[in-house]
Amino acid sequence: MRRVLYFISSNKRTVTLFITLFLSISMMFMGKGPKERFARVVTTSIFNTGHFTFSWGIYMLDLWRENKRLRLQNLEYSYKIHSYYLAEKENQNLRRMLGFKEKKPFSVIPANVIGLDVDRIVNSMILDVGEKDGVKKYMAVVTAEGLVGRIYEVFPTSSSVQIIRDVNSKISAMVEGDRSIKGIIRWEGGPYLRMYGLQHLNKPQPGQKVYSTGVGGTVPGGLFIGTVVDQKVDDVNIYASVNVKPAVDFSLVHEIFILKGSERSDIWDDGDGTGHFERPEIQ
17 MRRVLYFISS NKRTVTLFIT LFLSISMMFM GKGPKERFAR VVTTSIFNTG
67 HFTFSWGIYM LDLWRENKRL RLQNLEYSYK IHSYYLAEKE NQNLRRMLGF
117 KEKKPFSVIP ANVIGLDVDR IVNSMILDVG EKDGVKKYMA VVTAEGLVGR
167 IYEVFPTSSS VQIIRDVNSK ISAMVEGDRS IKGIIRWEGG PYLRMYGLQH
217 LNKPQPGQKV YSTGVGGTVP GGLFIGTVVD QKVDDVNIYA SVNVKPAVDF
267 SLVHEIFILK GSERSDIWDD GDGTGHFERP EIQ
């Protein structure tokens with residue numbers, strides 16, 4: 017059957033000519049009555065075939081148009097669903113930010129991250145706000161998740177943030193639930209921060225949260241820094257240290273808050289309780 021259909025498809029003209037000749041010769045040997053009946057049958061068959069072909073063509077055209085309409089409609093719905101999803105995510109972020117603003121007792125300057133600079137002496141983020149927006153050097157920078165760092169360079173319409181994952185950053189910190197457990201948060205490479213200056217007999221446990229103490233004034237107290245991951249016991253030194261996973265995923269930071277009034281130009285907190293530290297010069 018396949019071969020017959022393939023032959024007919026490949027030799028349409030020959031097959032048509034053969035059928036026409038066959039019908040013509042058949043009609044030559046017929047009488048008047050049978051000839052008329054035969055012509056009627058052939059004419060009706062051709063008409064019915066043409067009508068079916070034409071109707072089928074219209075049906076297929078309508079089907080194609082309907083299929084195209086449904087595909088466009090599906091694309092439109094997919095776009096709307098994606099837009100609703102993005103809007104919902106944005107609303108969630110705004111609700112988190114608004115919730116943050118309600119909890120914190122200081123004014124904030126909202127900003128967007130427009131670039132990263134990890135090739136210089138300081139690991140930093142570049143923001144789209146600057147001196148014209150009220151930004152000052154040493155202001156603390158946060159997200160709804162936690163502490164990001166401090167402003168260290170200010171320009172008329174932009175500024176740079178020294179993030180806490182920088183070797184020059186030192187922050188006085190304490191552990192949730194026990195204010196007696198205090199130390200200094202530093203970064204020495206890798207995915208974690210390290211909290212130094214802890215007593216061996218009073219070390220934080222994995223899972224406990226770490227907050228800023230506010231000592232020194234450059235970082236307000238109560239800002240979430242991260243969560244204790246594990247302990248490191250040093251038998252040689254008096255003090256122990258722990259790894260702290262930062263609360264902020266710096267690769268995902270796009271929107272931040274700058275805390276107005278948190279700047280102090282005369283001191284740089286080193287976590288020793290005095291609030292004074294010889295500040296490293298940033299070139």
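Take 17 as the starting number for the sequence shown in our numbering and just add one per residue. Note that beta-carbon positions come from the ideal geometry of N, C-alpha and C, so glycine has one too.
Enclosing beta strand (DSSP E) for residue i [first to last residue]
| i | result |
| --- | --- |
| residue 189 | 187-191 |
| residue 127 | 124-133 |
| residue 157 | 156-158 |
| residue 169 | 163-170 |
| residue 175 | 175-179 |
| residue 137 | Counting along the chain, residue 137 falls outside any beta strand (DSSP E), and DSSP gives it neither H nor E. |
Candidates the options, of which the one nearest residue i by Cα
| i | options | result |
| --- | --- | --- |
| residue 242 | 188, 133, 273 | 188 |
| residue 207 | 80, 264, 149, 273 | 264 |
| residue 255 | 181, 262, 247 | 247 |
| residue 245 | 239, 236, 259 | 259 |
| residue 238 | 156, 178, 152 | 156 |
| residue 224 | 190, 80, 159, 275 | 190 |
| residue 126 | 195, 198, 175, 192 | 175 |
| residue 142 | 149, 150, 133 | 133 |
| residue 240 | 80, 123, 180 | 180 |
| residue 205 | 128, 149, 184 | 184 |
| residue 160 | 108, 213, 215 | 108 |
| residue 222 | 148, 192, 213 | 192 |
| residue 145 | 158, 213, 128, 153 | 128 |
| residue 235 | 154, 82, 150 | 154 |
| residue 277 | 86, 151, 104 | 151 |
| residue 158 | 82, 147, 124 | 124 |
Exposure of residue i, with buried meaning 16 or more beta-carbon neighbours within 10 Å
| i | result |
| --- | --- |
| residue 220 | buried |
| residue 182 | buried |
| residue 262 | buried |
| residue 130 | exposed |
| residue 76 | exposed |
| residue 186 | buried |
| residue 173 | exposed |
| residue 202 | buried |
| residue 66 | Its pLDDT being 49, under 50, residue 66 is placed unreliably in this model, and the value from its coordinates should be taken loosely. That one is exposed. |
| residue 178 | buried |
| residue 84 | exposed |
| residue 196 | exposed |
| residue 257 | buried |
| residue 199 | buried |
| residue 275 | buried |
| residue 79 | exposed |
| residue 162 | buried |
| residue 217 | exposed |
| residue 209 | buried |
| residue 194 | exposed |
| residue 214 | buried |
is_contact[residue i, chain B] using C-beta, thresh 9 Å
| i | result |
| --- | --- |
| residue 186 | The chain labelled as chain B is not found in the depicted structure, where only one protein chain is given. |
Three or more C-beta pairs under 8 Å: does that hold for the segment 161-171 against the segment 135-147? yes
Runs of beta strand (DSSP E) lying entirely within the segment 195-275, each at least 3 residues, in chain order: Taking only runs of at least 3 residues, the beta strand (DSSP E) segments lying wholly in the segment 195-275 are 209-215, 225-228, 240-248, 255-262, 271-275.
Please confirm if the segment 212-228 is in contact with the segment 266-280, defined as three or more CB-CB distances below 8 Å between the two stretches. Counting Cβ pairs under 8 Å, fewer than three are found: no touch.
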